[in-house]
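The working numbering applies: residue 45 is where the sequence shown begins, and numbers increase by one. The block underneath contains the structure these notes are about, expressed in structure tokens.
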Amino acid sequence: MASNSVTMKRNDTRPFLDVVLQDVNGSALNLQSTVVSGITFTMKDLDTDSIKVNQGDCTLVTNGSDGMVRYSWTASDTNTAGTFVGEFQIL
């Protein structure tokens, strides 16, 4: 499993979180060919185990064939300093 990290300053809402969703072999998922009712992003604080972002809506960056999705940060997502882990879910 690939590990990626993003470093941001507290209260920043840019850059957007743009990622390519991949299968277990590292190939980009074709989100056009899959029945997708939505994609969400959840993020929790590693120190406190509390949920910071709870199933935030994501959007396709392109037409979906390349697996690229975007989560747009809100002010409350980045107002706390710390180390967080995130997960995308295809619904």
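Glycine included, each C-beta is placed from N, C-alpha and C at the ideal position. Note that the structure is predicted; figures quoted are calculated from it, not measured.
Using C-beta distances below 7 Å, list every residue in its chain close to residue i, excluding the 5 sequence neighbours before and after it, in chain order.
{"i": "D89", "result": "K96, G126 and F128"}
Along the chain, where does the beta strand (DSSP E) that runs through residue i open and close?
{"i": "L61", "result": "L61 to V64"}
{"i": "M52", "result": "Counting along the chain, M52 falls outside any beta strand (DSSP E), and DSSP gives it neither H nor E."}
{"i": "V80", "result": "Here V80 belongs to no beta strand (DSSP E), and DSSP marks it neither H nor E."}
Verify whether the separation of the beta carbon atoms of residue i and residue j is less than 8 Å.
{"i": "G111", "j": "L65", "result": "yes"}
{"i": "N123", "j": "N55", "result": "yes"}
{"i": "T84", "j": "G100", "result": "yes"}
Output needed for residue i: all residues of its chain with C-beta closer than 8 Å, excluding positions within five of it in sequence on either side, in chain order.
{"i": "V105", "result": "D62, M112, V113 and R114"}
{"i": "T57", "result": "S116, W117, T118, A119, D121 and T122"}
Grouping DSSP H, G and I as helix and E and B as strand, with all else coil, what is residue i?
{"i": "E131", "result": "strand"}
{"i": "D121", "result": "helix"}
{"i": "G100", "result": "strand"}
{"i": "R58", "result": "coil"}
{"i": "A72", "result": "strand"}
{"i": "V105", "result": "coil"}
{"i": "T86", "result": "strand"}
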